[in-house]
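Let me begin by presenting the structure, written as structure tokens, before commenting on it.
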Amino acid sequence: MRTLLIPAAALVLYVTAASAWAAPGTVLRNEKLYAQPSVSAKVAGNVAKGASVNILAKQGGWLRVSSGKTTGWIRLLSVRAGAGGLGGAGLGDVVGAATTRSDPSRVVAVAGLRGLNDEDLKQAKFNADELARLEGLGVSATQARNYAGQSGLAAVNVPALPAPKPAQPASSWESN
Numbered sequence: 001m002r003t004l005l006i007p008a009a010a011l012v013l014y015v016t017a018a019s020a021w022a023a024p025g026t027v028l029r030n031e032k033l034y035a036q037p038s039v040s041a042k043v044a045g046n047v048a049k050g051a052s053v054n055i056l057a058k059q060g061g062w063l064r065v066s067s068g069k070t071t072g073w074i075r076l077l078s079v080r081a082g083a084g085g086l087g088g089a090g091l092g093d094v095v096g097a098a099t100t101r102s103d104p105s106r107v108v109a110v111a112g113l114r115g116l117n118d119e120d121l122k123q124a125k126f127n128a129d130e131l132a133r134l135e136g137l138g139v140s141a142t143q144a145r146n147y148a149g150q151s152g153l154a155a156v157n158v159p160a161l162p163a164p165k166p167a168q169p170a171s172s173w174e175s176n
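Numbered per the numbering used here, the sequence shown spans residues 1 to 176.
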């Protein structure tokens, strides 16, 4: 009996600790929960817009969340961290994140995120073959104009921006 009690106690401790580490979040749109952090993975369940979830982990552009009895991976940009719900959030949050000083308690994601982390970037190496392949995909200006013409696009001349003005002192006390 005692040998069964130790694993059971460890399991209870593990579940309690895991739920203590979870952060609250709100789902921003109807989404699928995937078994792995990939859209090609098996669908583990669905969550509705406005549903409360517990954020358990982050991997690249994905969050591992639990919603009710279902646990799975959801796109990072589909969840707002915090317990605030959907009310009052929206464009103002995006504008505020872009125009205010950095707040370490807020997480801001970039839509272009492709799952690279600091370690991936540190291990990056120059690949001449890939560079040559990339350069081979380029087209000439004439090819680009021909393609644009076939697609019904027309060139438009856009006036140049005005030259920047010289920097002015922030106050009359400053001198050049």
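Quick reminder that beta carbons are idealized off the backbone N, C-alpha and C, glycines included.
Keep in mind that this is a model prediction, so the values were computed, not measured.
Check your understanding: What does TYR34 pair with, by DSSP beta-bridge criteria?
Key -> Here residue 34 refers to the residue found at position 34 of the sequence shown. Paired residue(s): VAL43, TRP73.
Review point. GLY152 lies in the beta strand (DSSP E); which residues open and close that run?
Key: Numbered from its first residue, the sequence shown carries residue 152 at position 152. Here GLY152 belongs to no beta strand (DSSP E), and DSSP marks it neither H nor E.
Review point. Exposed or buried, THR26, counting other C-beta atoms within 10 Å across all chains shown (16 or more means buried)?
Key: The residue you call residue 26 lines up with position 26 of the sequence shown. It counts as buried.
Check your understanding: Should VAL139 be labelled buried (16 or more other beta-carbon atoms within 10 Å of its own) or exposed?
Key -> Indexing the sequence shown from 1 puts residue 139 at position 139. Exposed: under 16 other Cβ atoms inside 10 Å.
Exercise for review: Give me whichever residues DSSP pairs with ARG64 in a beta bridge.
Suggested key: Mapped onto the sequence shown, residue 64 falls at position 64. DSSP output for ARG64 lists ALA57, TRP73 as bridge partner(s).
**Study point:** Span separating the alpha-carbon of ALA97 from that of GLY50
**Key:** If you number the sequence shown from 1, residue 97 lands on position 97. If you number the sequence shown from 1, residue 50 lands on position 50. Any reading at ALA97 must be qualified, since the residue scores a pLDDT of 39, below 50, and its modelled position is unreliable; the value itself is stated next. Their backbone Cα atoms lie some 21 Å apart in a straight line.
Check your understanding: Secondary structure at GLY50, three-state DSSP: helix, strand or coil?
Key -> Counting from one through the sequence shown, the residue named residue 50 turns up at place 50. Three-state result, GLY50: coil.
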